[in-house]
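Q: Quick note on the numbering used here: the sequence shown kicks off at 1 and runs consecutively. Cβ atoms here follow ideal geometry from the backbone N, Cα and C, with glycine treated the same way.
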Amino acid sequence: MNQARQLRGWIGALAPALLLVAGAALAAPTITGYGSAEFGMSPDEVRERLIEDGVTDVSEEQTADGDLLIDGRLGGTPLGGDPAVETDLRYVFPAGSDQLALVVAFHPDVDDHPAVKEQLTAEYGQPWGEEMAEWWLEQLAEGMPTPPLAFTAWGGDEQQRDRFVRLWTFEEYLTVEYLDNRRLSGQP
């Protein structure tokens with residue numbers, strides 16, 4: 001009886017910690033794609049979603065490497081109702097795949113950086129620590145035609161270790177990449 005009481009007391013003491021861990025797990029960012037276009041969708045499914053999201057000026061091209069690129073422009077009021085800065089978008093389907101793996105949003109004004117970073121933080125939680133971002137910047141910036149001024153990254157939860165959102169700051173514009181690294185590398 002005394003052991004049972006001690007066990008209940010121990011479990012009772014652990015309960016708040018377990019709830020905190022469970023809450024953190026539930027609060028982990030979910031990176032599914034961009035707008036209503038989700039990673040893994042076919043080009044036809046994405047084209048339908050572009051219409052729903054208000055993307056205009058849609059064009060397509062096949063690269064020399066065989067990637068399918070669907071480009072468009074988002075402006076006006078998005079689904080959330082907040083005014084949107086006009087943004088150029090690129091949806092990437094890697095060669096040999098008909099699944100969306102990457103979306104790049106090009107923001108033409110560097111002054112939008114605080115608002116874009118705030119919106120991404122509200123959606124995906126706190127970005128990775130500065131040391132991790134600096135390490136990634138060193139790894140990724142090599143070979144880029146224009147070196148970025150800053151880099152911030154958000155990572156997916158335990159089930160989405162290969163999904164990231166990356167904010168690149170250049171001298172005259174920003175880019176936000178929503179990527180599923182598994183699909184980019186040809187894995188299902």
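Alpha carbon to alpha carbon, what distance is there between LEU149 and PRO127?
A: Computed Cα separation, rounded: 17 Å.
Q: Who does GLN119 pair with in a DSSP beta bridge?
A: BP columns for GLN119 are empty, so no partner.
Q: Using a Cβ-Cβ cut-off of 6 Å (strictly less than) and excluding sequence neighbours within five positions of ALA24, which residues of its own chain qualify?
A: Its pLDDT being 37, under 50, ALA24 is placed unreliably in this model, and the coordinates cannot settle the point.
Q: For ARG183, count neighbouring C-beta atoms within 10 Å of its own C-beta (all shown protein chains included) and say buried if the count is 16 or more, exposed if not.
A: So ARG183 counts as buried.
Q: Alpha carbons only, please: which of SER59, TYR34, PHE106, GLU61 is nearest the one belonging to ASP53?
A: The shortest C-alpha separation from ASP53 is found at TYR34.
Q: Can you name, in chain order, every residue of its own chain whose Cβ lies under 6 Å from the Cβ of LEU7, other than the five neighbours on each side?
A: In this predicted model, LEU7 has a pLDDT of only 28, less than 50, meaning its place in the structure is not dependable; the value taken from the coordinates is given anyway. No residues qualify anywhere along the chain.
Q: Just reading off the alpha helix (DSSP H) that GLN139 is part of, what are its end residues?
A: 130 to 141 is the extent of the alpha helix (DSSP H) around GLN139.
Q: Relative to the C-alpha of ARG163, which residue among TYR173, LEU102, THR152 is closest?
A: Of TYR173, LEU102, THR152, the residue nearest in Cα terms is LEU102.
Q: Name the residue from MET132, PHE170, TYR124 whose alpha carbon lies nearest to the alpha carbon of PRO145.
A: For PRO145, the nearest C-alpha among the options comes from PHE170.
Q: With distance defined between alpha-carbon atoms, name the residue in TRP154, TRP136, GLU138, THR87 nearest to GLU118.
A: Measuring from the Cα of GLU118, the nearest candidate turns out to be TRP154.
Q: Please name the residue, chosen from ASP98, ARG161, MET132, ASP109, that lies closest to SER42 on a Cα-to-Cα basis.
A: It is ASP98 whose Cα lies nearest to the Cα of SER42.
Q: Give me whichever residues DSSP pairs with VAL176 in a beta bridge.
A: In DSSP, VAL176 forms a bridge with ALA105, LEU167.
Q: CB GLY96 to CB GLU86, shorter than 7 Å?
A: No, these two residues do not count as a Cβ contact at 7 Å.
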